[in-house]
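Here the structure is laid out as structure tokens; the discussion comes afterwards.
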Amino acid sequence: MRPLDITRRRFLTGATVATAALPLSGCFDAAGRRDGTVRSVLEYANSLTYRVQRLLLGSNSLAQEFSQSEIRQPQRPNGSTNPQDANYLAHVASDFSNYRLAVTGLVERNLSLSLDEIRNMPSRTQITRHDCVEGWSCIAQWTGAPLAGILDAAQVKSQARFVVFTCMDTYGSGFAGGVPYYESIDLADARHPQTILAYGLNGETLPVANGAPLRVRVERQLGYKMAKYISGIELTATLDGHGQGKGGYWEDNGYDWFAGI
Amino acid sequence: MAGVKTNKGPLIYRQKLATRITHWLWVICLFFLLLSGLQIFMARPDLYIGKQSGFAFDNSFFTIGAAFEGSAMRGFTEIFGYRFDTTGWLGAIWVNGNLQGKSFPGWLTIPSYRDLGSGRVVHFFFAWLLVATLLGWLISSLVNGHLRRDILPKPSDIRRIGPDIAAHARLRFSHGRDYNVLQKLSYASVLFIALPLIIVTGLCMSPGVNAMMPWMVDLFGGRQTARTIHFLTMLALVAFVFVHIVMVLAAGPLNEIRSIVTGWYRTDPGLEPDPAPAPEPETT
């Protein structure tokens, strides 16, 4: 009985392993097809995450801040680190002296702010942890103008729901040139006290690799929400009409719009 | 032994509906969470200790990668500074006859190709389902007595640890209504330690949750340590599932699978419905 039993067990083990491994090879790739039904069902989880976090998190909880001694390395740059777009290179060549940040859309007053004007606004310095969607983290000190102050100066209309950031860097290259980076956040995140347009990093002027002259810090979200090289802020009621309408460059490429996890 | 036809005890109703439904939900959740989790891990196949990842200093202890030896690509896995060649398995994978720098083979990830965004969508869907399943299991098991009767070990169970280990070592199982003490301890560890731990360390990776409960990520020693614990807990769960399947095969797979599908279980002769005359003296 024993030898027969072992043989049967071995056969069953082998059969179980084989049948378990078979479906793995690409059979669940439907989850990756972004227009499919499977994908749209799975994406309900992202809306649920967004709703639950907004409900539990409230608008006032602050991201953790760290001490100076926890800055142990330069802020790791990621994504675009050296944009080669002509318009951007011209700004770099002139040390951003002609740079203006445009604030447009659903506002009472369109703004066009120079870097000096932004640097002269009330500022906030915070030592926070940057969490990349890839899984790594890096602690650095960021200095910038709270976005809320800029929104107040422009007087946001009541229909506005999103802040869309347009950027000077492009990704890849197609027939029509590169795809411009853009991002969007809701007004709860835009008005959060730690949401700043950063122009300083670790006590220095923000370098090109990290998004000069201005980048967004949205400390309760992942790195890809924190657009670099921003040239414009547009207040909108909908995300349609920007890129493919998903709310950002990475979102158009299948990433979740709410990157709070 | 199970399956010896001349020697059968009675069929008993062993697994309640809630136990069976949640069991198979866990199978589905853990399957998709593992494969989508490995997809996510591919984006940064390194594990660190502390609050942040070391780029200008070294706090990593595990890495999967690829390196060139001359013109030949080799895959490697590094643990505490010891480097192993894992070409073809981890780090460098054969794709259409060519070695490609990729942490895991396609059959181990969802989707099979590199797609972090989709891996995250799958992972978070099944993470929610896992949390719902655990809550559903907890409530139903409190109500139907599964928790008290089958999961939490009693003092009398603890006294049987020695004989039970001996019986398992000899692959000699008795088939009664009740779980043995090793089963109770392993199921309790999974349900009350491993699953909550993997859920909480997963939440520690959320910048939003960190803002709400900074003490939680501090409790684990920082976000990167929490990520590492999340990964190690995954390994523990994989090990549990492996041992669980081996035990099912060893104890008589058809009878075991029938009980977790239909609820009905063939007991050993002489082990009629409940061998203990008064299993719960305090309730009589």
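Residue numbers (the working numbering), protein chains in the order written: chain A, 1 to 261; chain B, 1001 to 1284.
Ideal Cβ positions, reconstructed from N, Cα and C, are used throughout, including at glycine.
No experiment lies behind these values; they were computed from the predicted model shown.
From residue i to residue j, what does the alpha carbon distance come to, in whole angstroms?
| i | j | result |
| --- | --- | --- |
| residue 199(A) | residue 159(A) | 29 Å |
| residue 85(A) | residue 233(A) | 19 Å |
| residue 1030(B) | residue 1012(B) | 29 Å |
| residue 1008(B) | residue 1175(B) | 10 Å |
| residue 1104(B) | residue 134(A) | 16 Å |
| residue 115(A) | residue 1230(B) | 43 Å |
| residue 1121(B) | residue 1109(B) | 13 Å |
| residue 194(A) | residue 220(A) | 9 Å |
| residue 1014(B) | residue 1193(B) | 25 Å |
| residue 248(A) | residue 1134(B) | 34 Å |
| residue 1098(B) | residue 1075(B) | 13 Å |
| residue 123(A) | residue 143(A) | 7 Å |
| residue 1262(B) | residue 257(A) | 42 Å |
| residue 149(A) | residue 1140(B) | 51 Å |
| residue 1149(B) | residue 1130(B) | 23 Å |
| residue 120(A) | residue 65(A) | 24 Å |
| residue 104(A) | residue 1082(B) | 56 Å |
| residue 1051(B) | residue 1210(B) | 12 Å |
| residue 1043(B) | residue 236(A) | 33 Å |
| residue 196(A) | residue 1253(B) | 60 Å |
| residue 1032(B) | residue 89(A) | 45 Å |
| residue 262(A) | residue 1208(B) | Limits of chain A in this structure are 1 at one end and 261 at the other, which puts residue 262(A) out of reach. |
| residue 252(A) | residue 1158(B) | 56 Å |
| residue 1258(B) | residue 1195(B) | 25 Å |
In terms of DSSP beta bridges, what is residue i paired with?
| i | result |
| --- | --- |
| residue 104(A) | 234(A) |
| residue 1063(B) | 1046(B), 1078(B) |
| residue 1011(B) | 1266(B) |
| residue 1072(B) | 1069(B) |
| residue 1094(B) | 1099(B) |
| residue 1294(B) | Here chain B covers residues 1001 to 1284 and nothing more, so residue 1294(B) does not appear. |
| residue 198(A) | 144(A), 215(A) |
| residue 204(A) | 201(A) |
| residue 1084(B) | 1077(B) |
| residue 186(A) | 162(A) |
According to the neighbour-count rule (16 or more other Cβ atoms, all chains shown, within 10 Å of its Cβ), is residue i buried or exposed?
| i | result |
| --- | --- |
| residue 1264(B) | exposed |
| residue 1162(B) | exposed |
| residue 27(A) | exposed |
| residue 1283(B) | Caution applies to residue 1283(B), whose pLDDT of 45 falls short of 50 and renders its modelled position unreliable; the value that the coordinates give is listed next. Its Cβ having fewer than 16 others within 10 Å, residue 1283(B) is exposed. |
| residue 1127(B) | buried |
| residue 1041(B) | buried |
| residue 1155(B) | exposed |
| residue 23(A) | With a pLDDT of only 49 at residue 23(A), under the threshold of 50, the placement of this residue in the model should not be trusted; the figure read from the coordinates follows. The residue is exposed, with fewer than 16 neighbouring Cβ atoms inside 10 Å. |
| residue 118(A) | buried |
| residue 152(A) | exposed |
| residue 1224(B) | buried |
| residue 155(A) | exposed |
| residue 68(A) | exposed |
| residue 162(A) | buried |
| residue 1048(B) | buried |
| residue 108(A) | exposed |
| residue 157(A) | exposed |
| residue 46(A) | buried |
| residue 240(A) | exposed |
Along chain B, in chain order, which residues have C-beta atoms closer than 7 Å to that of residue i?
| i | result |
| --- | --- |
| residue 249(A) | Ordered by position in chain B, no residue passes the 7 Å Cβ test against residue 249(A), which lies about 12 Å from the chain. |
| residue 53(A) | 1208 |
| residue 260(A) | 1206, 1207, 1208 |
| residue 70(A) | 1051 |
Name the chain A residues that come within less than 8 Å of residue i, Cβ to Cβ?
| i | result |
| --- | --- |
| residue 1115(B) | 32, 254 |
| residue 1044(B) | 132, 134, 135, 136 |
| residue 1074(B) | Result: empty, since nearest Cβ-Cβ is about 23 Å, beyond 8 Å. |
| residue 1227(B) | 135 |
| residue 1211(B) | 57, 61, 62, 63, 64, 219, 220 |
| residue 1223(B) | 129, 131, 137 |
Residue i versus chain A: which residues are under 7 Å apart at the beta carbon?
| i | result |
| --- | --- |
| residue 1214(B) | 64 |
| residue 1100(B) | None at all; the shortest Cβ gap to chain A is about 15 Å. |
| residue 1110(B) | 28, 31 |
| residue 1053(B) | 136, 137, 138 |
Answer with yes or no whether the minimum CB distance from residue i to chain E is below 8 Å.
| i | result |
| --- | --- |
| residue 1056(B) | In the structure shown, chain E does not exist; the protein chains are A and B. |
Name the chain B residues whose beta carbon is nearer than 9 Å to that of residue i?
| i | result |
| --- | --- |
| residue 46(A) | 1120, 1121, 1124, 1125 |
Just to make sure I have the definition right: I need the residues of chain B whose C-beta is within less than 8 Å of the C-beta of residue i. Which are they?
| i | result |
| --- | --- |
| residue 196(A) | Per Cβ cutoff of 8 Å: no residues; residue 196(A) is ~15 Å from chain B at best. |
| residue 234(A) | Neighbours of residue 234(A) on chain B: none; closest Cβ ~24 Å, over 8 Å. |
**Report entry** Length-filtered (4 minimum) alpha helix (DSSP H) runs lying within the region 1190 to 1216 of chain B
**Finding:** 1195 to 1203, 1207 to 1212
Query raised in the report: Which ranges does the alpha helix (DSSP H) cover as unbroken runs of at least 4 residues, wholly within the region 99 to 184 of chain A, from first to last along the chain?
Result: 115 to 119, 147 to 154
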